[in-house]
Amino acid sequence: MTHPRMTHARRGSMVLEAVVILPLLLILLIGGLEFAWAFTKKVEVTNAARIGARAASLYSSNYGQVESAVSDQMTSAGFPVDAWTLSISPEDPSAASSGEPVTVRIDAQYDSVSLGGLSDWLPMPDTISSESVMRKEGG
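In this text, residue positions in the sequence shown follow the numbering used here: the first is -18, and each later residue adds one.
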């Protein structure tokens, strides 16, 4: 039994299809990685805000304790100290009365993965923000 040989025209069209499809697949892959990285960073900032709000809601908490809890979390998530800002409302959590909401907001600079410069074409945020609110515990 003999196998029919592939003609030159068929081989040429296969190469052309690969030349067109492979870059598109590469762009989709890089885009998926970039969005996954951004989502991971958003989750980390949200978790740091939640931890900060929990620290602020404790009966005897102060600004320094909240800042320390958030700083530890952001550092372990890979954010440099100068790449994020912390806002607490009320500014002094120890002044909040029992049952009053305390709000912790974090705004962090987002650095993209930048694989080969292709991710520069994607509409990615410059800042990732998250806010968490908890009620102050009574004493």
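Virtual Cβ for every residue (Gly too), placed ideally from N, Cα, C.
8 Å contact criterion, which residue i and residue j should meet: CB distance rounded
i    : j    : result
Y91  : A19  : 7 Å
P71  : A64  : Between A64 and P71 the Cβ distance is about 25 Å, and since that is not below 8 Å, they are no contact.
S110 : D88  : 5 Å
P82  : N43  : So it is not a contact: roughly 17 Å between Cβ atoms.
T84  : V114 : 5 Å
S79  : G33  : Not a contact, Cβ separation roughly 19 Å.
DSSP three-state assignment for residue i, whether helix, strand or coil
i     : result
V(-4) : helix
A64   : helix
A30   : helix
V94   : coil
A89   : strand
S41   : coil
P4    : helix
P104  : coil
S75   : helix
Range covered by the alpha helix (DSSP H) that runs through residue i
i   : result
A50 : Y44 to S57
N-terminal and C-terminal residue of the beta strand (DSSP E) that residue i is part of
i    : result
E112 : T108 to R116
CA nearest to the CA of residue i, picked from the options
i    : options                : result
N28  : S42, R(-9) and R86     : R86
L103 : L6, E15, G45 and L(-3) : E15
S68  : F60, G45 and G59       : G45
T66  : E112, V(-4) and P106   : E112
Residue i at chain B interface by Cβ criterion, 8 Å
i   : result
E48 : Looking for chain B here will not work: only one protein chain is present.
Taking three-plus beta-carbon pairs below 8 Å as touching, is the stretch -1 to 17 in contact with the stretch 38 to 55? no
At least three beta-carbon pairs within less than 8 Å, the stretch -6 to 3 to the stretch 28 to 40: no
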